[in-house]
Every structure is written in structure tokens, then in C-alpha cells.
Amino acid sequence: MAGGRVLLLVSGGIAAYKACYLTRLLRQAGLDVKVAMTDAAQRFVTPMTFQVLSENPVASDLWGEGQSRALDHIEYARWADVAVIAPATANVLAKLAHGIADDIVSTLLLAHPGPLIAAPAMNDNMWAHPATQANLAVLRARGVHLIEPGEGWLACGIESKGRLAEPETILAEVRRVLDERRADRPARRFWAGKKVAVTAGPTCEAVDAVRFLSNRSTGTMGAAIARRLAALGAEVTLIAGPGAAPRPAGLVDYLPVVSAAEMARAVAAVLDRGCDWLFMAAAVADYAPREVAPGKIKKEDQGDTWTLELVRTPDILREVVAPRRAGLTVVGFALETDRLLERAAAKLARKGMDWVVANDPTAAGSGFGDAPHSVHLLGPGGEVWANERPLGKDDLAGELLDRLAAAAEGAA
Ligand code: C5P
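Numbered per numbering that gives the first Met the number 0, the sequence shown spans residues 0 to 411.
This is the structure in C-alpha cells:
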């Protein structure tokens with residue numbers, strides 16, 4: 000592989016010994032490696048081990064060796080093409096999620112502007128703790144590449160989730176991230192500088208002051224597409240319905256909306272500003288209550304049954320996008336629970352899309368939220384790609400953007 004500069008940040012867990020082997024693997028892969036260690040990591044493995052394996056001085060202290068050395072070490076953050084925290088303890092992840100820089104590793108993490116891979120390892124209860132999971136959600140949304148811990152024997156003597164991923168898995172991720180950064184990579188060449196709008200999430204249609212109609216969409220797919228596009232250098236506007244997916248990093252603009260009508264207005268405004276591509280990943284409600292009661296509708300006034308009259312919401316693709324199609328490439332989404340490909344192809348033609356991403360949320364290996372997912376990408380000539388095994392939405396977004404770039408360049 001082409002060379003690259005890796006900053007390996009080792010935090011304090013028994014799995015620190017595996018980081019020694021990872022250092023060797025990275026060097027054997029032709030990569031330059033510099034290592035920084037927390038105090039706790041140095042209780043498990045000495046800096047000398049990493050110095051010998053990495054063939055570089057190890058940053059082990061923010062203060063101990065005089066100010067000029069400390070500043071030298073901060074240079075490690077700028078030097079690196081990619082940073083890797085392995086093992087990443089709950090503590091170092093929490094510090095990064097909250098921007099705390101109180102030792103050499105957390106300081107380097109804040110000073111590193113490039114991509115970051117984190118391979119957590121910890122006790123299973125620490126992993127499952129809501130604080131850790133909330134921090135992981137923040138880091139994921141910022142684009143940190145998380146390598147989930149595996150299941151197996153933990154140092155605390157039980158078999159559960161929390162083991163550091165194997166060094167070979169971490170090396171593969173380093174290679175993938177470095178490859179993604181290469182300026183001559185076709186997807187980067189294609190997406191860099193493109194103006195792209197993405198819609199995500201559900202819409203909520205008010206029934207009264209407290210109730211609404213909505214659907215199970217979380218906005219994860221649209222957020223992943225927006226984040227990946229931004230990482231590839233596109234100018235991304237995300238129009239987000241009220242889903243649970245956190246706001247991704249690197250956007251040019253972020254427009255939160257609630258109802259289908261609001262989303263329609265936001266899409267119109269963004270397209271009128273000038274746009275090259277539109278991804279309609281939102282699960283827009285198809286119907287909304289005809290009238291919205293100003294207060295709370297009381298059940299005493301309804302009796303045992305309640306009939307709500309619903310009216311169609313604007314079909315954004317047909318009513319807003321179709322009149323603004325000049326110079327715009329449209330990727331729609333089709334969610335179908337039967338005759339998936341046939342219906343998706345019909346939708347592509349009927350709604351004036353260039354591409355459609357079809358998925359069946361009830362199929363094995365698919366679903367709402369961040370669960371692994373399978374999709375089919377269809378163009379005017381039929382299916383062009385489908386993932387062979389279910390992928391997390393972030394990886395799926397990366398694959399879709401690669402395929403679309405290749406297909407669009409091929410057609411140009
Ligand atoms: O017809 P259906 O709702 O299944 O089409 C799905 C596609 O149409 C998605 O890309 C979705 O974002 C878009 N859509 C829309 N306006 C609506 C409903 C869906 O643009 N009112």
C-alpha cells in the first residue's frame with residue numbers, strides 16, 4: 000500500500016499489550032508510526048517497548064521533559080494522516096466526547112484535525128453504561144470510526160462484550176481510512192466541491208397540541224450519507240426531520256424541520272440556491288390530519304372510537320423537485336415490504352428520480368436505526384448494485400457514494 004503516517008494513542012487497559020503487536024503490523028505494512036501513551040497505559044507496557052517497535056520517540060508526558068519536548072509532541076497531531084486510539088478506555092472516549100485535554104493523549108486527540116479510529120476495550124458493564132454509549136453516539140456523529148469491541152474472555156474473568164478488536168482488524172480499518180483520504184480516489188475526485196442536499200428522518204404531522212402522526216425512521220441513513228459526503232469534500236446541506244440521529248460534522252448548512260410541508264419548503268429553498276445532487280432519504284409522512292386542534296383533544300369528547308380525517312402531504316419529489324430538475328441529479332429511497340425491486344423501479348420512473356435506493360425494513364439483516372442493513376441501488380436500466388452482506392449504515396453510505404460516483408463518471 001502507499002505509505003501513511005499513523006499516530007497510535009495507547010490508553011490504559013490490559014489490552015495495551017495488543018497495541019505492541021498492532022505497532023509491528025503497521026510498520027510491516029509500510030506505515031510510519033508514532034506512539035503516545037497515557038500514564039495508565041505505561042503501567043501495563045513501557046514506552047521503551049513502543050519506541051523500539053515504532054522506531055520513533057514515544058510521547059509519554061505532557062510536562063516531564065521540558066516545554067520544548069512537549070510542544071514537539073503536539074506536532075505528532077499535525078504530522079499524522081490518521082490517529083488510532085487502541086485500546087480506547089471509557090475514560091479517554093469520555094474526555095474526547097467532552098473536549099477535555101488534560102494529558103498527552105487527550106491533548107493530541109484535540110489537536111489532531113484528521114480522521115480518527117477508536118478501538119474501545121473495557122469491562123462489559125463500563126461498555127454498556129449509558130454514559131459510555133452516549134459518548135460513543137457523540138463520537139460516531141463526529142465521524143470517528145469506531146471498531147466495536149468483540150465478545151470473549153475479558154481480563155475481569157468473564158466472557159462478554161468488551162475485548163479489543165484484533166490488531167489485524169484495526170490495521171484493515173487504518174488502510175481503509177487512509178485509502179479514503181487519497182486525493183486521487185475516484186469518489187473524492189467526484190464528490191469534492193459538489194453542492195449536495197440530503198433529507199433525513201421522519202416528519203411529524205400534528206394532530207393537536209400534544210399528539211402527532213409519524214413513523215419509525217431515525218434519520219440514521221440520511222445523516223450517514225451527509226457525513227460521508229462532507230468527508231469526501233462535498234458542500235452538504237442536511238434537511239433533517241425530528242429523528243434520533245445526531246447532527247453530523249462538516250455540514251455547510253443544517254435545516255431542522257418538523258412536518259412534510261416544512262420539509263417541502265426547505266427543499267425548495269435549498270434547490271433554488273443551486274444544487275448538484277439531492278438525496279431524498281427522508282421518510283416523509285404521506286398523510287397529515289386535515290385540521291390541527293389548537294389545544295389537546297379530550298377523549299371525553301371522542302367516546303370509544305375516534306375517526307381522524309387525513310389529507311395527502313405534498314409529494315416533495317413530484318411537486319417541489321420535478322419543476323427544479325435542470326442540472327440536478329436525484330437519488331430517492333423506496334421502502335417496500337413486498338415486490339421490492341419491481342415497485343422501486345416503478346417509483347423511479349413515476350417520481351422522476353435518477354437513482355433509487357430500495358430496501359425492505361422487514362427483511363432479515365435490515366431495519367430502522369443503526370442495525371446492519373441491505374439495499375439495492377437501481378438506475379434507469381435496473382439494478383446496478385446490492386450489498387452481499389448487511390452493512391452498518393455508515394459503511395453502506397460509503398459504498399453507495401462510491402457506486403454512484405463510478406456510475407455517474409461512467410455515464411459522463
Ligand atoms: O412514494 P414513496 O413515499 O414510497 O417514495 C419514497 C421517496 O419519495 C423517498 O425518496 C421520499 O423521501 C420521497 N417522498 C417525497 N414526498 C413525500 C413522500 C415521499 O418526496 N410526500
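Don't be surprised by glycine CBs; every beta carbon is placed ideally from N, CA and C.
Which partner residues does residue i have in the DSSP bridge list?
i, result
"LEU138", "According to DSSP, LEU138 bridges with nothing at all."
"PRO201", "ALA282"
"LEU145", "ALA117"
"LEU390", "HIS372"
"ARG4", "ASP31"
"GLU150", "LYS160"
"GLU382", "LEU377"
"PRO288", "LEU309"
"ALA87", "PRO119"
If I follow the unbroken beta strand (DSSP E) through residue i, where does it start and stop?
i, result
"LYS295", "Counting along the chain, LYS295 falls outside any beta strand (DSSP E), and DSSP gives it neither H nor E."
"SER159", "158 to 162"
Can you look up residue i in the DSSP assignment and give me helix, strand or coil?
i, result
"SER10", "coil"
"LEU376", "strand"
"GLU308", "coil"
"GLY192", "coil"
"GLY65", "Model confidence at GLY65 stands at a pLDDT of 48, short of 50, so the residue's coordinates are unreliable and nothing is read from them."
"LYS33", "strand"
"PHE332", "strand"
"PHE211", "strand"
"ARG181", "coil"
"GLU167", "helix"
"GLU408", "helix"
"ALA79", "coil"
"ASN358", "strand"
"PRO56", "coil"
"GLY326", "coil"
"ALA96", "helix"
"THR131", "helix"
"ASP401", "helix"
"ALA186", "helix"
"ALA363", "coil"
"VAL206", "coil"
"ALA396", "helix"
Between residue i and residue j, how many whole angstroms is the CB-CB distance? I'm expecting something under 8 Å.
i, j, result
"ASP401", "ALA186", "5 Å"
"LEU6", "HIS111", "7 Å"
"MET262", "THR202", "6 Å"
"VAL266", "THR198", "7 Å"
"ARG210", "PHE367", "About 21 Å separates the two Cβ atoms, so there is no contact after all."
For residue i, decide whether its Cβ has a neighbour in chain C, counting only Cβ atoms nearer than 8 Å.
i, result
"ALA363", "The question asks about chain C, but that chain is absent: this structure has only one protein chain."
Please report the residue range of the alpha helix (DSSP H) in which residue i lies.
i, result
"ARG342", "339 to 349"
"MET125", "123 to 127"
"SER105", "103 to 110"
"ALA412", "Within the shown structure, residues of the chain are numbered from 0 to 411, placing residue 412 beyond reach of any answer."
Ranges of the alpha helix (DSSP H) found wholly within the region 222 to 278, counting only runs of at least 4
As far as the region 222 to 278 is concerned, its whole alpha helix (DSSP H) runs of at least 4 residues are 259 to 271.
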